[in-house]
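Enquirer: Note that the working numbering has the sequence shown beginning at 1, numbered continuously upward. From the three backbone atoms N, C-alpha and C, an ideal C-beta is built for every residue, glycine too. First the structure, which I've put down as C-alpha cells, then a few questions once you've had a look.
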Amino acid sequence: MTLPPLLRGAAATLRPRVPCYLVLFVTRRCNAACPFCFYPINTPDDALSVGEIERIVTKHPHFLQVTLSGGEPYLRSDLAELVEVLARAGRVRFLTVSSNGSLPERTAAVIGRVLASCPDLRYRASLSVDDLPEQHEELRRIPGLFERIRASYAALVRLADRHPGRLELNVQTVLSGLNKARIAEVHAFLARELPRCRRSLVLARGEVPDPASLDVTADEYEHAARLWAASRPARDALREPHYAVLDATLDYQQEVVARVLRDDRAVPPCAAGRRLVVIDTNGDVLPCEMRQVVRRVTGSDVLGNLRDHDHDLGRLLGAADARVAVERIRSRRCRCTFECAINASVAFSPPRLANAVVRRAVRSAFG
Ligand code: SF4
C-alpha cells in the first residue's frame, strides 16, 4: 500500500534505524572550481549507473527526502532517468537538486520531463548564488555565470507556473569568510533579483581548497541567519502547510549551527547513519559529508560500499562495523555544522519537531 508522504513520515519516526533522508552524489564532474567546495570534483568517479540506483531504492523504498548533489548534477546526461527511477522504484516524493545554475537548457529539459512523467513528485530546484554577480563569478570561476543563472531562473519560473505546487524554486547561499562582509547586500540583492525563490543559507565546512572560507564567527553567522530567517514569513505555512514543519526545522537548524560555532556545546544526538545517509558517486555509504570529523569520532568515514553488499543498504548498515560506527556517533555526541544531518535530527524526532513547531508559532504570533 502506498501511504501519502506525511503519513509515511509519521510511520518512519517509529522505525528509528531506518534512514529516510538520502544525500546522493551523482557525479564528480563540475564546470566550476569553488574555493569552499569540500568535494573531490573532476576526479575519477566510477559512478553508480541508473540500474544500480534502481536496485538500491527498490530494496530500500523508505527515502522521503532525497537531495542530489555533486559536482554539477545537470552535467549527468541520464539525470532525468535517474530521477524517474527514484520516484517510481523508490517512491521518493520530495527531491532537491542543487545546481550552480550554469546550464539553463539542460536544467529546464530535465525538470520539464520529470514533472510530466512523475505526477507525485515535488521537485525543489536549488540554484547557488553566494555573492553579488561579479564576485560570485570570481568565486565560482565561471565567466558569464550570472547571466546563465538569470536564464535558469526564468525557465524555472515558467515551469513552476505550468505545474502549480510541484516545483519549488530555491536559492542557496554558502556563507564563508569570502563573502561575509557583503552578506546583507547579497541577501537584499537575491530578494530583488530572484523574487520567486525561497532562500537557504549554508555554512562553508569541511576540507576545502581555501581555508579562509571557513573563517566565520558565531556572531557573523547569527547575523546572516537572522536575515535568512526573516525571509521565511509565517504566511508561507498558511499557503502550504508543510512549510510549518520545514521552516521550524530550518529555525532549529540555525540555532544548532550557531551553538556549535559559539561554544561547541553538546547538541541533540546526530541522526547521521540512522536517519540520514550519504551515498557517494561510487556507491560508498557515509554517515555524513563531514569526513574529517566523523573519522575522528568513529575511526572511518565510510560505512561500506553498496557494490560489496548486493546494493542492499539495509544489509550494509546491519554489518557489525557499520553498526559500531553509527553507535559511536550517538554515544560520543559527535557534532558539527552539517545542516542536512541537523535537519534529520529534528525532522524525524517527534518531541524535537513538536518543540520547534510550537516555538516558531509563538515567535510568529508575538514577534
Ligand atoms: S555530527 Fe556532523 S560529523 Fe558527526 S556524524 Fe553528525 S553530521 Fe557527521
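Which residue comes first and which comes last in the alpha helix (DSSP H) that contains Asn355?
Expert: Your numbering for residue 355 matches position 355 in the sequence shown. That run of the alpha helix (DSSP H) goes 350-366.
Enquirer: Please state whether the Cβ-Cβ distance between Leu190 and Val171 is less than 9 Å.
Expert: By one-based count along the sequence shown, residue 190 stands at place 190. By one-based count along the sequence shown, residue 171 stands at place 171. For Leu190 and Val171, yes; Cβs fall inside 9 Å.
Enquirer: Measuring only from the beta carbon, is Glu289 closer than 8 Å to any heavy atom that is part of the ligand SF4?
Expert: Position 289 of the sequence shown, counted from the first residue, corresponds to residue 289. Result yes, Cβ under 8 Å from the ligand SF4.
Enquirer: If I'm right that Asn100 touches Ser128 with Cβ under 8 Å, what's the distance once you round it to whole angstroms?
Expert: On the sequence shown, position 100 is the one that residue 100 refers to. On the sequence shown, position 128 is the one that residue 128 refers to. Right, the Cβ-Cβ distance comes to about 5 Å (below 8 Å), so this counts as a contact.
Enquirer: With H, G and I counted as helix, E and B as strand and the rest as coil, what does DSSP make of Arg91?
Expert: Taking the sequence shown and counting its residues from 1, the one referred to as residue 91 is at position 91. Coil, per DSSP.
Enquirer: One question on the structure: do Phe338 and Cys288 come within less than 9 Å of each other, judged by their Cβ atoms?
Expert: Walking along the sequence shown from the start, residue 338 turns up at place 338. Walking along the sequence shown from the start, residue 288 turns up at place 288. For Phe338 and Cys288, yes; Cβs fall inside 9 Å.
Enquirer: So, helix, strand or coil for Ala224, using DSSP?
Expert: Taking the first residue of the sequence shown as position 1, residue 224 is located at position 224. Looking at Ala224 - three-state DSSP - the assignment turns out to be helix.
Enquirer: Among Leu303, Ile41, Leu86, which has the Cα closest to the Cα of Phe63?
Expert: Walking along the sequence shown from the start, residue 63 turns up at place 63. If we check each option's Cα against that of Phe63, Leu86 comes out closest.
Enquirer: Please confirm whether Leu178 and Leu121 have their CB atoms less than 9 Å apart.
Expert: For the purposes of this step, residue 178 is identified with residue 178 of the sequence shown, where counting begins at 1. For the purposes of this step, residue 121 is identified with residue 121 of the sequence shown, where counting begins at 1. For Leu178 and Leu121, no; Cβs fall outside 9 Å.
Enquirer: Mind listing, in chain order, the continuous beta strand (DSSP E) runs of no fewer than 3 residues lying wholly within the stretch 282-361?
Expert: If we require 3 residues or more, the beta strand (DSSP E) runs fully inside the stretch 282-361 come out as 284-286.
Enquirer: For Tyr153, which three-state DSSP category applies?
Expert: Translated into positions along the sequence shown, residue 153 becomes position 153. Helix at Tyr153.
Enquirer: Give a yes or no on whether the C-beta atoms belonging to Thr298 and Val277 are separated by under 9 Å.
Expert: To locate residue 298, count along the sequence shown from 1; it is residue 298. To locate residue 277, count along the sequence shown from 1; it is residue 277. Cβ distance not < 9 Å, so Thr298 and Val277 don't count as in contact.
Enquirer: Given a cut-off of 9 Å, decide if Cys340 and Thr67 are closer than it, judged by their beta-carbon atoms.
Expert: Locating residue 67 in the sequence shown gives position 67, where the first residue counts as 1. Locating residue 340 in the sequence shown gives position 340, where the first residue counts as 1. Yes, these two residues count as a Cβ contact at 9 Å.
Enquirer: On a CA-only basis, which of Val83, His163, Ser98 is nearest Gly51? Give me that one, please.
Expert: Along the sequence shown, one-based indexing puts residue 51 at 51. Nearest C-alpha to Gly51: Val83.
Enquirer: Just to confirm the assignment: which complete alpha helix (DSSP H) runs, minimum length 4, are found wholly within the stretch 61-148?
Expert: Here the runs fully enclosed are 79-88, 104-117, 133-140.
Enquirer: Secondary structure at Ala272, three-state DSSP: helix, strand or coil?
Expert: For the purposes of this step, residue 272 is taken as residue 272 along the sequence shown, with counting starting at 1. Strand, per DSSP.
Enquirer: Could you check if Ile329 belongs to the surroundings of the ligand SF4, using beta carbon to heavy atom distance under 8 Å?
Expert: Taking the sequence shown and counting its residues from 1, one reaches residue 329 at position 329. Yes; taking the cut-off as 8 Å, the Cβ of Ile329 has a heavy atom of the ligand SF4 nearer than that.
Enquirer: Of the choices His242, Lys180, Pro164, Pro143, whose alpha-carbon is the least far from that of Ala224?
Expert: Here residue 224 refers to the residue found at position 224 of the sequence shown. If we check each option's Cα against that of Ala224, Lys180 comes out closest.
Enquirer: Given a cut-off of 9 Å, decide if Gly273 and Arg307 are closer than it, judged by their beta-carbon atoms.
Expert: Locating residue 307 in the sequence shown gives position 307, where the first residue counts as 1. Locating residue 273 in the sequence shown gives position 273, where the first residue counts as 1. Their beta carbons are not under 9 Å apart, which means Arg307 does not touch Gly273 by this criterion.
Enquirer: Taking the alpha carbon of Tyr21 as the reference point, which residue from Asp247, Val57, Asp78 has its own alpha carbon closest?
Expert: Residue numbering aside, residue 21 sits at position 21 when the sequence shown is read from its first letter. It is Val57.
Enquirer: Within 10 angstroms of the Cβ of Ala356, are there 16 or more other Cβ atoms? Answer buried if so, exposed if not.
Expert: For the purposes of this step, residue 356 is taken as residue 356 along the sequence shown, with counting starting at 1. It is buried - the Cβ of Ala356 has at least 16 other Cβ atoms within 10 Å.
Enquirer: Could you check what DSSP says for Tyr243 in three-state terms: helix, strand or coil?
Expert: As a position in the sequence shown, residue 243 is number 243, starting the count at 1. Here Tyr243 sits in helix by DSSP.
Enquirer: Do Cys197 and Cys270 have their CB atoms nearer than 9 Å?
Expert: The residue you call residue 197 lines up with position 197 of the sequence shown. The residue you call residue 270 lines up with position 270 of the sequence shown. It is not a contact, given that the beta carbons lie outside the stated cut-off.
Enquirer: Check whether the Cβ atoms of Ala155 and Ala80 lie closer than 9 Å to each other.
Expert: Residue 155 sits at position 155 when you count from the first residue of the sequence shown. Residue 80 sits at position 80 when you count from the first residue of the sequence shown. No; because the gap between Cβ atoms is not below 9 Å, this pair is not in contact.
Enquirer: One question on the structure: do Asp210 and Thr173 come within less than 9 Å of each other, judged by their Cβ atoms?
Expert: Locating residue 210 in the sequence shown gives position 210, where the first residue counts as 1. Locating residue 173 in the sequence shown gives position 173, where the first residue counts as 1. For Asp210 and Thr173, no; Cβs fall outside 9 Å.
Enquirer: Does any CB atom of chain D fall closer than 9 Å to the CB of Cys336?
Expert: Checking the listed chains, one finds no chain D in this structure; it contains a single protein chain.
Enquirer: For the beta strand (DSSP E) that contains Phe25, what are its first and last residues?
Expert: As a working note, residue 25 is residue 25 in the sequence shown. 21-25 is the extent of the beta strand (DSSP E) around Phe25.
Enquirer: What number of angstroms, rounded off, separates the C-alpha of Arg76 from the C-alpha of Ala365?
Expert: Numbered from 1 along the sequence shown, position 76 holds the residue referred to as residue 76. Numbered from 1 along the sequence shown, position 365 holds the residue referred to as residue 365. Cα to Cα, Arg76 sits roughly 45 Å from Ala365.
Enquirer: At a threshold of 8 Å, does Phe338 count as lining the ligand SF4 (C-beta to nearest heavy atom)?
Expert: One-based indexing of the sequence shown puts residue 338 at position 338. Yes, the beta carbon of Phe338 sits closer than 8 Å to at least one heavy atom of the ligand SF4.
Enquirer: Using C-beta distances below 6 Å, list every residue in its chain close to Gln292, excluding the 5 sequence neighbours before and after it, in chain order.
Expert: To locate residue 292, count along the sequence shown from 1; it is residue 292. Glu207.
Enquirer: Tell me whether Arg335 counts as near the ligand SF4, meaning its Cβ is closer than 8 Å to at least one heavy atom of that ligand.
Expert: For the purposes of this step, residue 335 is taken as residue 335 along the sequence shown, with counting starting at 1. Yes; taking the cut-off as 8 Å, the Cβ of Arg335 has a heavy atom of the ligand SF4 nearer than that.
Enquirer: Strictly by DSSP, which residues pair up with Val202?
Expert: As a first step, residue 202 must be located in the sequence shown, where it is residue number 202. Paired residues: Val174.
Enquirer: Determine the closest residue to Pro40 out of Val97, Ala230, Arg182, Arg29, with distance taken between C-alpha atoms.
Expert: Here residue 40 corresponds to residue number 40 of the sequence shown, with the count starting at 1. Ranking the options by Cα distance to Pro40, first place goes to Arg29.
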